[in-house]
Amino acid sequence: VDCSAYVCPKPGRGMVRVASCIGPIELIERTHERPQTVREAIGKLPPIPAGGTLPSDPLHTASKLSKLNLQRIRASRPGGTWRDWPKRLIAECHRRDSGRTYPGVYGRMVWDEPAPTLTTQFYGFGNGRFGHPEQDRAISLREGAILQGFPEDYSFVPDGAPIHFKSLGRMIGNAVPVTLGRIIGRSILRHLAVVPETKTVDETTRSVAERGRNAKREPLVA
């Protein structure tokens with residue numbers, strides 16, 4: 121499925137499997153003609169520094185940067201790569217031939233393009249193209265959550281609970297984009313709405329189960 125057809129901030133296509141025992145099912149028609157951009161998703165959030173947190177939103181917190189990485193992100197342009205840096209800033213591993221095939225790390229996002237696919241470590245500048253388009257830091261946990269389609273005020277932890285980048289990074293980075301989940305739900309509801317009244321779910325489920333019991337089974341190998 122083309123995720124950008126449903127306002128998922130992430131670009132490109134992804135595999136989505138939706139199955140039904142009561143008949144063919146398809147996703148609903150595309151809802152938008154173009155993907156959401158980084159600016160549209162997170163452009164209005166208040167600025168914070170590397171290692172800083174917005175007092176009114178504990179999730180709008182950015183990881184710290186070493187002095188070297190602060191120099192690196194300041195030398196980075198939106199959409200650029202570490203290849204644009206002066207040689208003194210390039211990591212030793214990237215100076216070798218084997219390291220020149222990874223241009224996506226240490227990169228900034230681009231305001232007017234879709235966000236890259238997020239990983240569970242999107243909060244780290246050196247882990248991908250996760251640098252803020254103009255602020256000298258990686259994107260915050262809140263910005264990552266918004267790019268994954270979560271509401272801007274979604275709470276991942278109870279009020280006053282500590283914020284742990286690693287656990288929240290896994291939670292957000294591994295999530296199916298919320299907007300895509302909503303589209304799948306709407307597709308299922310539409311599918312159920314057109315099921316023939318003469319064919320109930322229970323009847324179909326029993327039929328499928330019966331076929332499974334009668335199917336030839338391969339012997340188990342110890």
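Residue numbers (my numbering): 121 to 342. Backbone N, C-alpha and C fix where the C-beta goes; we use that ideal spot for every residue, glycine too.
Beta carbon of residue i nearer than 8 Å to that of residue j
i    : j    : result
H284 : S140 : no
G251 : S196 : yes
R137 : C123 : no
I145 : R306 : no
V298 : M229 : no
Y226 : G246 : yes
I193 : W202 : no
A161 : I266 : yes
Q156 : P253 : no
G172 : F242 : no
V296 : G143 : no
D256 : L190 : yes
Assigned secondary structure, residue i (DSSP; H/G/I helix, E/B strand, else coil)
i    : result
L340 : Because the pLDDT at L340 is just 42, under 50, the model does not fix this residue reliably, and the value given afterwards should be weighed accordingly. Of the three classes helix, strand and coil, the one that applies to L340 here is coil, per DSSP.
L179 : strand
L174 : strand
R133 : strand
A329 : In this predicted model, A329 has a pLDDT of only 49, less than 50, meaning its place in the structure is not dependable enough to derive any value.
R215 : helix
R228 : strand
V121 : coil
V138 : coil
E153 : coil
F270 : coil
A281 : coil
Y243 : coil
E357 : Examination of residue 357 is not possible in this model, given that the chain is present from 121 through 342 alone.
S76  : With the chain covering only 121 through 342, there is no way to say anything about residue 76.
Y126 : helix
K187 : helix
Boundaries of the alpha helix (DSSP H) in which residue i is found, first to last residue
i    : result
G289 : 285–293
I145 : It is not in any alpha helix (DSSP H) - I145 carries neither H nor E in the DSSP assignment.
A195 : Here A195 belongs to no alpha helix (DSSP H), and DSSP marks it neither H nor E.
I210 : Note, I210: premise wrong, no alpha helix (DSSP H); not H, not E.
R159 : 158–162
Opposing strand residues paired with residue i [DSSP bridges]
i    : result
R302 : The partner list for R302 (beta bridge, DSSP) is empty, contrary to what the question assumes.
G251 : R228, A258
8 Å contact criterion, which residue i and residue j should meet: CB distance rounded
i    : j    : result
T239 : G301 : No, T239 and G301 are not in contact; Cβ-Cβ is about 19 Å, not under 8 Å.
I168 : S260 : 7 Å
A258 : A182 : 6 Å
R262 : L179 : 4 Å
W231 : G163 : 7 Å
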